[in-house]
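Asker: Numbering-wise, this note's numbering puts 86 at position 88 of the sequence shown, and it's gapless, one number per residue.
Beta carbons are placed, not taken as given, at the ideal position from N, Cα and C, and that holds for glycine.
Have a look at this one.
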Amino acid sequence: MGSLEDHNPHHFNPLDLEEFRTQAYQTIDFIVNYYQNIETFPVLSQAQPGFLKSSFPNTPPNKPQPFETTLQDVQTKLMPGITHWLSPNFFAYFPSTISTAGFLGEMLCTAFNTVGFNWLASPASTELEILVMDWMAKMLRLPKTFMFCGSGGGVLHGTTSEAMLCTLVAARDRALAVDPNRDVNKLVVYGSDQTHSTYAKACKIAGIPPENIRTICTTLGSEFGLEPRLVFEAMEADVAGGLKPIYLCATVGTTSSTAVDPVDGLADVAKRFGVWFHVDAAYAGSACICPEFRGYLDGVELADSLSLSPHKWFLSCLDCCCLWVKEPGLVTASLSTDPEYLKNKQSESNSVVDFKDWQVGTGRRFRAIRLWMIFQMYGVANLQSHIRSDIHLAKGFEKMVKSDSRFEIVVPRRFALVCFRLNPPRPKSKPKVVELLNRKLLEWVNSTGRLYMTHSIVGGIYFLRFAVGATLTEDRHVAAAWEVISEGADQVLRDQS
-1 MGSLEDHNPH HFNPLDLEEF RTQAYQTIDF IVNYYQNIET FPVLSQAQPG
49 FLKSSFPNTP PNKPQPFETT LQDVQTKLMP GITHWLSPNF FAYFPSTIST
99 AGFLGEMLCT AFNTVGFNWL ASPASTELEI LVMDWMAKML RLPKTFMFCG
149 SGGGVLHGTT SEAMLCTLVA ARDRALAVDP NRDVNKLVVY GSDQTHSTYA
199 KACKIAGIPP ENIRTICTTL GSEFGLEPRL VFEAMEADVA GGLKPIYLCA
249 TVGTTSSTAV DPVDGLADVA KRFGVWFHVD AAYAGSACIC PEFRGYLDGV
299 ELADSLSLSP HKWFLSCLDC CCLWVKEPGL VTASLSTDPE YLKNKQSESN
349 SVVDFKDWQV GTGRRFRAIR LWMIFQMYGV ANLQSHIRSD IHLAKGFEKM
399 VKSDSRFEIV VPRRFALVCF RLNPPRPKSK PKVVELLNRK LLEWVNSTGR
449 LYMTHSIVGG IYFLRFAVGA TLTEDRHVAA AWEVISEGAD QVLRDQS
């Protein structure tokens, strides 16, 4: 057998530092140019499925391609297939925010490339995560029962999906530990018809039978919040039927309409039946660092866990989800592993945190440095100002909608999402006709490439979602978006007549 050198006569250096410096500067210039010109691109990609197949060969290159050629391919071949989430005219879904601090933090995260599964693998990664999780908890005015400086603690996950799964598994195992003879098929979980779809996915992975997932209907009367009375009745009926309630998920800022479940009332129900109470504040939780919105978290001190996603509204770039738990031992009891090759005296002394035991996977990124950079470079006051600014822009859009009698607000605006629809008072149309009008309006607006919105349905009502929050969005973009929407309304109403 020949040596490696026999087959690799040319020196290959994948991290030539001078080359890295040069190409990194070129990449930064490319990115800055992209941001400077981002408004010239259609917000929603106009590409068709399979568009990329003919642009590249069927096999990877055997020899390296010039870096300039690679960047050019990004510009000419990939860019047409990019939906521009950072465009100031992106008003779909919820925003995925970015910032200079977040960007630089991500660069440092990649530069260090630590795999901080336990304390010893990277002490700074672990201890900085402990620090920023407690900082964030203090910004939200959470009780010390959720902090490392108290009796609880927090961890950075990638997404809410992971946070829900980890808490659900802990709730399942807690219930089974109390009664080892209990059948997992008797365990029941509760949410609303507005709870995020990741909840149902987590239930599947955790082995909760689909028929034991209680989806409680919400109504316009409760502004699509989950009513404690209905949860109580559902749990009471399940207990009477020999089932065991184990988990209740409340939401602060639902995806469809930013509805807010009454955390304090639901906490009372959860306590009554001894279930794990999780609060999903993925979107709106960030707003609760502002005193005027903190009331939406009232009652969280009675919850078992809370999660929010800073990548949505906290300028931290994807991916980043904060999860706090009151009893970390319940999570680690379900998720911890102790292979021989990871054993060390620090972990065995129980004097350190090993975050591998707080998550599904083993490896983990240095996400904490990104959040820490944001706190360091901006401070709490600027983060509060950022959130208030987005809400101010949303209020301005809401005012425009209300000024046009052809449109109506479907559900009250709480944060930076406006839920509205086209519904001309005359002639009065049937619900299906109104829905078709709005589907056509959304299709027309998005086809222009000048902005991008999405829709949802609550209470059987189809409506359009205008989510303010892209980092680069200003008043002028909101005003221009309304002009496009008004123009689209003119067009679809003409077509209807």
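Taking Cβ positions, are I389 and L313 nearer each other than 8 Å?
Answerer: no
Asker: Could you pull out every residue in the same chain whose Cβ sits closer than 8 Å to the Cβ of V490, ignoring the five residues on either side in sequence?
Answerer: L420, L435, K438, L439 and W442
Asker: Using 8 Å as the threshold, is the C-beta distance between S284 and I385 below it?
Answerer: yes
Asker: DSSP has T452 in a bridge; who is on the other side?
Answerer: DSSP, once it has assigned bridges, lists R463 as partnering T452.
Asker: Have a look at the DSSP bridge pairing and note the partners of I407.
Answerer: F418
Asker: Can you confirm whether the region 358 to 376 touches the region 154 to 173 when touching is taken to mean that 3 or more C-beta pairs between the two stretches lie within less than 8 Å?
Answerer: yes
Asker: From the DSSP secondary-structure annotation, give me the bridge partner or partners of P243.
Answerer: P243 pairs with V186.
Asker: For the region 376 to 385 and the region 55 to 67, state whether three or more C-beta atom pairs, one from each stretch, are separated by less than 8 Å.
Answerer: no
Asker: What separation, rounded to the nearest whole angstrom, lies between the Cα atoms of V476 and N87?
Answerer: 8 Å
Asker: Report the three-state DSSP secondary structure of G100 (helix, strand or coil).
Answerer: The DSSP-derived three-state label of G100 is helix.
Asker: Over what stretch of residues does the alpha helix (DSSP H) that includes D302 continue unbroken?
Answerer: According to the DSSP assignment, D302 belongs to no alpha helix (DSSP H), since it is labelled neither H nor E.
Asker: DSSP three-state label for H475, please.
Answerer: helix
Asker: Measuring alpha carbon to alpha carbon, tell me which residue in K400, Y91 and L42 is nearest T81.
Answerer: L42
Asker: Check for me: the alpha helix (DSSP H) holding W442 runs from which residue to which?
Answerer: P429 to S445
Asker: What does the Cβ neighbour count give for L2, buried or exposed, with the cut at 16 atoms within 10 Å?
Answerer: The predicted model places L2 with a pLDDT of 48, which falls under 50 and marks its position as unreliable; any figure quoted below should be read in that light. L2 is exposed by the Cβ-count criterion.
Asker: Using the rule of at least 16 other Cβ atoms within 10 Å of the residue's Cβ for burial, across every protein chain shown, is S149 buried or exposed?
Answerer: Exposed.
Asker: Between which residues of its own chain and L328 is the CB-CB distance below 6 Å, once the five residues before and five after are set aside?
Answerer: Same-chain partners within the cutoff: A168 and R172.
Asker: Once you ignore the five residues that flank D473 on each side, which residues in its own chain have a CB closer than 7 Å to its CB?
Answerer: L391 and G394.
Asker: Among the residues of its own chain, which have a CB less than 6 Å from the CB of F291, if the five just before and after it don't count?
Answerer: Cβ neighbours of F291 beyond the five flanking positions: A285.
Asker: From P410, H276, S403 and L415, pick the residue whose C-alpha is nearest to that of K426; which is it?
Answerer: S403
Asker: Cα separation between N183 and P64?
Answerer: 58 Å
Asker: State the start and end residues of the unbroken alpha helix (DSSP H) segment that holds V153.
Answerer: It is not in any alpha helix (DSSP H) - V153 instead sits in the beta strand (DSSP E) that spans G151 to H155.
Asker: Could you tell me the boundaries of the beta strand (DSSP E) in which T213 lies?
Answerer: Per DSSP, T213 belongs to the beta strand (DSSP E) from I211 to I214.
Asker: Keeping to the same chain, check which residues put their C-beta closer than 6 Å to that of E433; ignore five residues upstream and five downstream.
Answerer: Y460
Asker: Quick check: the Cα distance between T471 and M398, rounded to an integer number of angstroms?
Answerer: Approximately 17 Å between the Cα atoms of the pair.
Asker: So R180 and K142 are in contact, right, with Cβ under 8 Å, and what is the actual spacing, rounded?
Answerer: 33 Å between Cβ atoms; not a contact.
Asker: Determine the extent of the beta strand (DSSP E) in which D278 is found, giving its start and end residues.
Answerer: W274 to D278
Asker: Which same chain residues end up closer than 7 Å to K202 when comparing Cβ atoms and leaving out the 5 residues on each side of it in sequence?
Answerer: none
Asker: According to DSSP, is D493 part of a helix, a strand, or is it coil?
Answerer: helix
Asker: Please go through the same chain and pick out, in chain order, the residues whose beta-carbon is closer than 7 Å to the beta-carbon of P40, but skip the five residues on each side of it.
Answerer: G447
Asker: Under the rule that 16 or more other beta-carbon atoms within 10 Å means buried, what is Q192, buried or exposed?
Answerer: buried
Asker: Let's see if you can read the secondary structure: which residues bound the alpha helix (DSSP H) around W322?
Answerer: Premise fails: W322 lies in the beta strand (DSSP E), C319 to V323, not in any alpha helix (DSSP H).
Asker: Grouping DSSP H, G and I as helix and E and B as strand, with all else coil, what is F88?
Answerer: strand
Asker: With a threshold of 8 Å, are at least 3 pairs of Cβ atoms found where one atom belongs to the region 185 to 200 and the other to the region 289 to 308?
Answerer: no
Asker: May I ask which residues mark the beginning and end of the alpha helix (DSSP H) holding C164?
Answerer: T158 to V176
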